[in-house]
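Protein sequences, first through last, are from chains A and B. Position one of the first sequence corresponds to residue 52 (the working numbering), numbered consecutively onward. Position one of the second sequence corresponds to residue 40 (the working numbering), numbered consecutively onward. For every residue, glycine included, the Cβ atom is placed at its ideal position computed from N, Cα and C. Predicted, not measured: the structure shown is a model, and the values here were computed from it.
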Amino acid sequence: MSYNWNWGVLLQDPYFGWVWSGLGWTCAVAVAAWVIAFALGSVIGVLRTLPNPTARAIGAGYVELFRNIPLLMQMFLWYFVVPELLPRDVGFYVKKQMPLPEYWTAVVCLGLYTSARVAEQVRSGINAIRQGQRYAALALGLTPVQVYRYVLVPVSYRIIIPPLTSEFLGVFKNSSLALTIGVLELTAQARQIEEYTFQGFEAFTAATVLYCVITAIVMGLMQVVESNSRIPGMISLGAK
Amino acid sequence: MFKKLLVAAAAVALFAGVTPADAQDSPTLKRIKERGSISIGHREASVPFAYIGPGGKVIGYSIDLCMKIVDDIKKELKMDKLDVKLVPVTPQTRIPLLANGTIDMECGSTTNNLTRSKQVDYLAVTFITGTKLLVKKGSGIKEIEDLKGKSIGLALGTTNEKAIKAAAEQLKIDIKYVMVKDHTQGWLNLENGRTDAYATDDVLLYGLVAKSKNPKDWDVVGRFLSYDPYGFMVPRNDSEFRLVGNRTLADLMRSGEMQKIYDKWFNPGPDKINMPISADLKKAFEIQALPY
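Structure representation (structure tokens):
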């Protein structure tokens with residue numbers, strides 16, 4: 052295989068700018084999606100642990116829906132199908148007038164998909180806490196909301212920090228699927244550079260390195276979170 | 040007895056390894072002979088060049104011509120059986136897959152240009168077209184200038200994308216670009232109103248219109264914004280392989296069979312494209328019908 056290496060192409064205008072613009076969009080999509088995923092996922096996860104059967108059914112349905120459809124298909128459904136199902140005016144706004152339609156579609160899609168997975172982790176975190184904790188809290192006179200707010204959810208979050216880190220990393224990697232609906236994030240820009248210069252290996256190596264740097268930063272961040280939120284005396288929580 | 044068998048086996052093995060001297064010079068032909076199969080890269084929605092037709096079969100003008108080349112390769116390599124592996128490609132994967140040997144030849148609607156020639160080689164020009172715009176009838180868009188403030192769909196990694204962006208920059212018009220993966224997505228965006236136009240080679244636009252639910256609602260408008268001669272891509276630095284391909288195409292052009300294959304797909308063609316052969320293309324066939 053003959054290939055002409057040219058690493059300098061990454062430093063040339065405009066390709067240099069493209070790489071950084073792609074990185075920016077990747078972070079923008081991932082962080083916004085994570086905010087949605089974490090917030091919504093916590094709510095749904097808690098919903099699945101409530102004694103009320105309707106609440107549990109809603110939570111279960113939500114998780115099954117978003118967990119069982121491939122992410123790529125969900126992207127296409129949100130981008131092509133959902134605007135058609137909305138009332139005509141809303142659909143028109145979403146398609147033509149909303150600023151950055153591809154970006155918001157990608158964020159909503161990725162956010163809801165990841166929220167289903169976060170919900171399952173929050174649920175397992177809560178279920179990992181001994182039943183005694185919940186009864187003790189109730190016996191102390193806390194309302195169910197207070198039980199979750201002060202006893203169950205804080206401990207659950209600390210338990211699930213490792214899988215939550217995986218999901219956070221996953222959001223950054225899954226953001227690359229946004230390129231299929233036109234978001235020019237890092238992977239898309241790498242492909243653009245490859246198309247314009249035919250220096251594909253250099254472009255994709257740069258993208259790979261940048262993804263690794265992002266994930267390293269995320270892992271570092273979660274390490275800090277884990278060590279700062281450790282509760283001394285609770286075995287298996289925040290274990291070294 | 041056993042010794043005789045051994046000698047006979049050795050003789051067979053010696054002669055079985057002999058291939059025509061030409062094939063040894065060509066890494067691609069050598070690879071085809073060794074594998075017993077040839078991998079053809081094709082498009083999935085480039086009507087009528089290479090696309091998935093009724094019944095899920097890959098058909099098209101480029102496919103027909105490539106199969107003729109495959110027949111000649113089979114004769115050249117003196118093989119009894121030559122498997123044809125059809126590998127779907129996109130504008131972004133076609134060159135890397137050719138450069139790394141996954142496919143031996145690309146049969147689609149690829150423009151022959153000098154930049155790409157740095158990475159691949161091309162066979163003779165089989166079609167001539169250029170970038171035009173596909174719009175909804177009655178939208179009032181006649182030329183690229185009318186797209187000011189509107190949105191246009193562009194397939195990532197095509198010459199059309201570069202042509203439209205270059206033209207917009209030169210004419211200083213502000214157009215919103217919606218990047219799509221392939222022609223099907225671009226068409227979908229145009230159909231549901233997300234974009235006001237879609238730009239690609241004019242013949243592919245006619246193909247999209249012919250395949251649509253209401254062909255009368257769509258118009259191909261505008262002047263040619265680029266010059267796009269199509270050719271099949273082959274691996275670079277393999278003159279022997281390129282010679283086999285060009286020889287087949289020259290034979291077809293000389294005998295008039297090329298014109299027949301053209302009419303089969305374009306005039307009117309199974310997708311009712313209705314494009315009689317243009318004077319430029321006819322001349323191109325005459326010029327490229329090299330004698331022996």
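1) CA-CA distance, B/Glu279 and A/Pro150?
2) Would you verify that the beta carbon of B/Val217 is, or is not, closer than 8 Å to some beta carbon of chain A?
3) Pick helix, strand or coil for A/Leu191, following the three-state DSSP scheme.
4) Kindly give me the distance between the Cβ atoms of B/Tyr216 and B/Leu229, rounded to whole angstroms, as I take these residues to be in contact under 8 Å.
5) Among residues of its own chain, excluding the 5 on either side of A/Trp56, which ones have a beta-carbon nearer than 6 Å to its beta-carbon?
6) Taking only three categories from DSSP, how would you classify B/Ala60?
7) Round the Cβ separation of B/Gln327 and B/Met272 to the nearest angstrom and send it over; I've been treating them as touching at under 8 Å.
8) Considering only their Cβ atoms, is the gap separating B/Gly246 from B/Pro130 smaller than 8 Å?
9) Among all the DSSP beta bridges, which residues are the ones paired with B/Trp257?
10) Measuring only between beta-carbons, confirm whether A/Leu235 sits less than 8 Å from chain C.
11) Name the two residues that bound the continuous beta strand (DSSP E) containing B/Phe166.
12) Ends of the beta strand (DSSP E) at A/Ala199?
13) Report the residue ranges of all alpha helix (DSSP H) runs contained in full by the stretch 190-229 of chain B; include only those spanning at least 4 residues, in chain order.
14) Mind reading off the beta-carbon distance from A/Thr156 to A/Trp129? Whole number of angstroms is fine, and I expect it under 8 Å.
15) With 16 other CB atoms within 10 Å as the buried threshold, where does B/Ser265 fall?
16) For B/Lys311, count the other beta carbons within 10 Å of its own beta carbon; 16 or more makes it buried, fewer makes it exposed. Which is it?
17) Since A/Val242 meets chain B, which of its residues come closer than 9 Å, beta carbon to beta carbon?
18) Between the Cα of B/Gly196 and those of A/Thr77, A/Ser217, A/Ala170, A/Gly251, spot the shortest distance and give me the residue it belongs to.
19) Could you list which residues in chain B have their beta carbon closer than 8 Å to that of A/Lys314, in chain order?
20) What does the Cβ neighbour count give for A/Val275, buried or exposed, with the cut at 16 atoms within 10 Å?
21) If you check the beta carbons only, do A/Glu236 and A/Leu61 fall under 8 Å apart?
22) Decide if A/Gln197 is buried, meaning its Cβ has at least 16 other Cβ atoms within 10 Å, or exposed.
23) Is there a C-beta anywhere in chain A that falls below 8 Å from the one on B/Pro127?
24) Please classify B/Asn276: is it buried, with 16 or more other beta-carbons within 10 angstroms of its beta-carbon, or exposed?
25) Pick helix, strand or coil for B/Asp277, following the three-state DSSP scheme.
26) Kindly indicate which three-state DSSP category B/Tyr90 falls into: helix, strand or coil?
27) A/Pro283 to A/Arg242, Cα distance in whole Å?
28) Taking just the CA atoms, how far does A/Glu218 sit from A/Ser278?
29) Given a cut-off of 8 Å on the beta-carbon distance, is the pair B/Lys72 and B/Leu45 in contact?
30) What separation, rounded to the nearest whole angstrom, lies between the Cα atoms of A/Gly162 and B/Gly225?
31) Among residues of its own chain, excluding the 5 on either side of B/Tyr301, which ones have a beta-carbon nearer than 6 Å to its beta-carbon?
32) Nearest to B/Lys120 by alpha carbon, out of B/Pro330, B/Pro307, B/Lys96, B/Asp111?
33) By the 10 Å Cβ neighbour count, where 16 or more other Cβ atoms means buried, how is A/Gly176 classified, buried or exposed?
34) Below 8 Å between beta carbons: does that hold for A/Lys146 and B/Arg281?
35) Hey, does A/Gly68 have any beta-carbon neighbour from chain B nearer than 8 Å?
36) Only counting the same chain, and skipping five residues up and downstream in sequence, which positions put a Cβ closer than 6 Å to that of B/Phe166?
Working from what's here:
1) 54 Å
2) Output row for B/Val217: interface = yes.
3) Assigned with DSSP and collapsed to three states, A/Leu191 falls in coil, not helix or strand.
4) Actually they do not touch by this definition, with Cβ atoms about 14 Å apart.
5) If we look at A/Trp56 and ignore the five residues flanking it on each side, it has no Cβ neighbours.
6) With a pLDDT of 48 at B/Ala60, under the threshold of 50, the modelled position of that residue is not reliable, and no figure is offered here.
7) The Cβ separation is near 17 Å, so there is no contact.
8) no
9) B/Lys175, per the DSSP bridge assignment.
10) Any reference to chain C falls outside this structure, whose protein chains are A and B.
11) The continuous beta strand (DSSP E) containing B/Phe166 extends over residues 159-168.
12) The amino acid occupying residue 199 of chain A in the given sequence is Tyr; Ala does not appear at that position. Run containing A/Tyr199: none; DSSP gives neither H nor E here.
13) 198-210
14) 5 Å
15) buried
16) Exposed, since its Cβ has fewer than 16 Cβ neighbours within 10 Å.
17) Here the sequence assigns Arg to residue 242 of chain A, which means Val is not the residue at that position. The contacting residues are Gln131, Leu195, Gly196.
18) A/Gly251
19) Here chain A comprises residues numbered 52 to 291, so residue 314 of chain A is not present and cannot be evaluated.
20) exposed
21) no
22) exposed
23) no
24) exposed
25) coil
26) strand
27) 48 Å
28) Rounded to whole angstroms, A/Ser278 and A/Glu218 show a C-alpha spacing of 19 Å.
29) no
30) 25 Å
31) Ile316
32) B/Asp111
33) buried
34) no
35) no
36) Tyr269
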